[in-house]
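So for the sequence shown, this note's numbering puts the first residue at 1302; every next one is plus one.
Glycine included, C-beta positions come from ideal geometry on N, C-alpha and C.
Just so it is clear, the structure is predicted and the values come from calculations on it, not from any experiment.
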Amino acid sequence: MVNARFAIPASEVAELEANLEQKTKLRPTKSCGVPKVILSELEHDGCQPGGTTRDSCPWVESTADPSALHKHTMADAAWEALKQSIVYFRGQPIGTVAAIDKSQAELNYDQVFMRDFVPSALAFLMKGEPLIVKNFLEKTARLQSREKMVDHFKLGEGVMPASFKVHHSHPTEKTETLLADFGEIAIGRVAPVDSGLWWIFLLRAYTNMTMDNSLAETPHCQKAMRLILKLWLSEGSDTSPALLCADGCSMIDRRMGIYGYPIEIQALFFMALRCSLSLLKDSSDDFVGQITKRIKALSYHLHSYYWLDFQRLNDIYRYKTEEYSQTALNKFNVIPDSIPDWIFDFMPSRGGYFIGNVSPARMDFRWFCLGNFIAILSSLATGEQAEAILDLVEERWEELIGEMPLKICYPAMENQEWQIVTGCDPKNTRWSYHNGGSWPVLLWLLVAVSVKLGRPHIGRHAVELMERRLAKDDFPEYYDGRAGRYVGKQARKFQTWSVAGYLVAKMLLNDPTNLRAVCLKEDGHIREPVLKRSNSCP
């Protein structure tokens, strides 16, 4: 059954392709780290839109690295690795394991993670194989209903699992059950705040790519979505519309100083709220009105206090403190002397981004990749802000992309700051893992935003960089070093989301209509905030 409110009209698809082609052809060429574009970057080497197959889409190795030629193409190798990572439950595919590296202890890498499965799911959807995604959504919705206890404390009904695995309780009888981890056995006992947000995102992606809303309208999916939203929309004593989180609550699942209101969670929250409006079956109840109000409040908050560009940085640098009034400009009483030295050189005249965190007397100026790119895809960022974020990536290509895309955050913490903030974490040393490491999985996000903004040459250049090494290095989890030159010291090989992130990036470049899986149109009802200047500001 196809519902018109989930279908993408052919006129919109044609308009998207036409706009992308026009922007690509007419946009001025750039002289920074990205090659100049003469012809439309949407053209491809004969690959069929919507996915790659071994027979129909041969991948051509870069002539800059002839030693990388293999018997099988890189795309073939990636699809084979993704196929091998599939987990089956009672004969049906239900997800992909985090990694299939047999050279190291499995720990929890043999489990199906909610966030890790997202790029795998997108790859299958774009290839036209939605069954595994449907099974994953159904099984995780049912896992949500289980009682969740951590040290005698019962978690909220809406909490989704961080991961799950198939357990063979009676090997001889081949009895299979699913064991879920809601944070009670995770390393560091971190809370999976982002799991529910990714689940809603993935449900919308499935619905849009299949153009079938029957799964979203099933009672258990509707219930799961409402429980997630009820959990995050519940009223409390907080004065911010953003979600208050502990450290390690997202992709950065170790102590990295992101406690408070991290941009990654806020951007995902905004995305999930907007996705839910198109998925909830009953659009007339008060719950939908509550969601709409939260979207507007969250948008205002993030635009007002998280956005940073050259002019805004200069304003913060000149802040007065101890303001007490409704019109205070420095509402969080941020001390200008707390601005780190590196930001003054990092911030270009052209460009901007959403900073990492804002709370009383604290602004985390670090760049976080996922939060900013989700802000573009969800249309949290205005058109001007989206262009500015991508301008920043171009202007700071060596810092954020380097030799292997893509920095998870920038810059890295070191010395005493590293000791205090991470607790001397040996895995998060400078320019490693979450502390400034380079993560191949983030490539699909860069490609998605570059295609959305009509600048696909940026994403294509990043893909070409990755193709020089990723397959030769056996698709590692992450890379170390300021430029991302070295395979991570504890990186797993054949990391599934590194494989899937590459495949999704290629399919987005091959067929830009795949954007409908991950991209939301701008909401005309959301307006940019109008800030009033305090009388005490010079």
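- Assigned with DSSP and collapsed to three states, residue 1609 falls in strand.
- In the three-state scheme derived from DSSP, where H, G and I count as helix and E and B as strand, residue 1665 is classed as strand.
- Taken in chain order, the complete alpha helix (DSSP H) segments of 4 or more residues contained in the region 1657-1738 are 1670-1678, 1684-1696, 1698-1701 and 1716-1723.
- By the 16-neighbour rule on beta-carbons within 10 angstroms, residue 1454 is exposed.
- In this structure, the alpha-carbon of residue 1685 lies about 15 Å from that of residue 1603.
- Nearest to residue 1693 by C-alpha distance, out of 1610, 1504 and 1573, is 1610.
- In summary, residue 1618 is exposed, with fewer than 16 beta-carbon neighbours lying within 10 Å of its beta-carbon over all protein chains present.
- As the crow flies, the alpha-carbon of residue 1489 is around 7 Å from that of residue 1555.
- Proximity of the region 1744-1752 to the region 1668-1687 meets the contact definition, three or more beta-carbon pairs being nearer than 8 Å.
- For residue 1455, the secondary structure class from DSSP, reduced to helix, strand or coil, is strand.
- Between the alpha carbons of residue 1655 and residue 1678 lies a distance of about 14 Å.
- Only residues of its own chain outside the window of five on either side were considered, and among them 1555, 1556, 1557, 1558, 1714, 1729 and 1736 have a CB closer than 8 Å to the CB of residue 1723, listed in chain order.
- In the three-state DSSP reduction, residue 1635 falls in the coil class, being neither helix nor strand.
- Residue nearest to residue 1449 within the set 1756, 1483 and 1650 is 1483 (criterion: CA-CA distance).
- Between residue 1447 and residue 1662, the alpha-carbon positions lie close to 40 Å from each other.
- Taking a cut-off of 8 Å on C-beta distances, the region 1785-1805 touches the region 1375-1391, as three or more cross pairs fall below it.
- The shortest CA-to-CA distance from residue 1542 to any of 1578, 1660 and 1817 is the one to 1660.
- Less than 8 Å separates the beta-carbon of residue 1785 from that of residue 1739.
- Using a 10 angstroms sphere on the CB of residue 1643, the tally of other CB atoms stays under 16, which defines it as exposed.
- The three-state secondary structure of residue 1520, taken from DSSP, is helix.
- Out of 1768, 1733 and 1674, the CA that lies nearest to the CA of residue 1820 is found in 1674.
- Taking one beta carbon from each stretch, the region 1811-1818 and the region 1766-1779 have fewer than 3 pairs nearer than 8 Å; the two do not touch.
- A residue is called buried when at least 16 other Cβ atoms come within 10 angstroms of its Cβ; residue 1498 meets this threshold and is buried.
- DSSP, reduced to helix, strand and coil, places residue 1621 outside both helices and strands of the structure shown, so it counts as coil.
- Using a Cβ distance threshold of 8 Å, residue 1764 and residue 1822 do not count as a contacting pair.
- Contact check for residue 1550 against residue 1638 fails: the beta carbons are separated by 8 Å or more.
- Beta bridge pairing from DSSP links residue 1394 with 1389.
- Per DSSP, the unbroken alpha helix (DSSP H) holding residue 1744 starts and ends at 1744-1753.
- Put simply, the backbone Cα of residue 1378 is about 18 Å away from that of residue 1427.
- Beta bridge pairing from DSSP links residue 1464 with 1414 and 1482.
- The beta carbon of residue 1493 sits closer than 6 Å to the beta carbons of 1463 and 1484 from its chain, once the five residues preceding and following it are set aside; these are given in chain order.
- Taking the Cα of residue 1508 as reference, the smallest distance to any Cα among 1607, 1666, 1580 and 1574 is reached at 1580.
- Beta-carbon to beta-carbon, residue 1523 and residue 1582 are separated by about 6 Å, close enough to satisfy the 8 Å threshold.
- Looking only at 1391, 1411, 1423 and 1392, the smallest Cα-Cα distance to residue 1380 is reached by 1423.
- A distance below 8 Å separates the beta carbons of residue 1571 and residue 1600.
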